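Q:
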Amino acid sequence: MIAIIVLGTFGGIKLDEIYPNEYSLFTIICSLLAVGISMYFVVKQVTDFSKKQDKDS
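Using the UniProt record's numbering, you'd call the opening residue of the sequence shown number 1 and step up by one each time.
(1) Could you give the distance in angstroms between the alpha-carbon of Ser-24 and the alpha-carbon of Val-46?
(2) For the alpha helix (DSSP H) containing Glu-17, name the first residue and the last one.
(3) For the alpha helix (DSSP H) that contains Tyr-40, what are its first and last residues?
(4) Compute the Euclidean distance between the alpha carbons of residue 66 and Gln-53, then round it to the nearest angstrom.
(5) Is Ile-37 near Ile-4, with beta carbons less than 7 Å apart?
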């Protein structure tokens, strides 16, 4: 989860260096997308784990 967020933030920073703007929009957008993707993976893992636990019971 942390790796995805760090990569997204790093990518946003690099995009802001290449395409400068007033509000660092690429950093903000890429960071938020990375957090969303990370949350998706966490929820998916938890639901898969829960289904496996129910199946084993």
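Note that beta-carbon positions come from the ideal geometry of N, C-alpha and C, so glycine has one too. Please read these numbers as outputs of a predicted model, since none were measured by experiment.
A: So, from the listed chains and residues:
(1) Here residue 24 refers to the residue found at position 24 when the sequence shown is read from its first residue. Here residue 46 refers to the residue found at position 46 when the sequence shown is read from its first residue. Rounded to the nearest angstrom, the two C-alpha atoms are 33 Å apart.
(2) Here residue 17 is taken as the residue at index 17 of the sequence shown, counted from 1. Here the alpha helix (DSSP H) through Glu-17 covers 2-18.
(3) Counting from one through the sequence shown, the residue named residue 40 turns up at place 40. Taken as a continuous stretch (DSSP letters only), the alpha helix (DSSP H) holding Tyr-40 covers 25-56.
(4) Outside the displayed span of the chain (1 to 57) sits residue 66, for which this structure offers no information.
(5) Here the question's residue 37 lines up with position 37 in the sequence shown. Here the question's residue 4 lines up with position 4 in the sequence shown. Going by C-beta atoms, Ile-37 is nearer than 7 Å to Ile-4.
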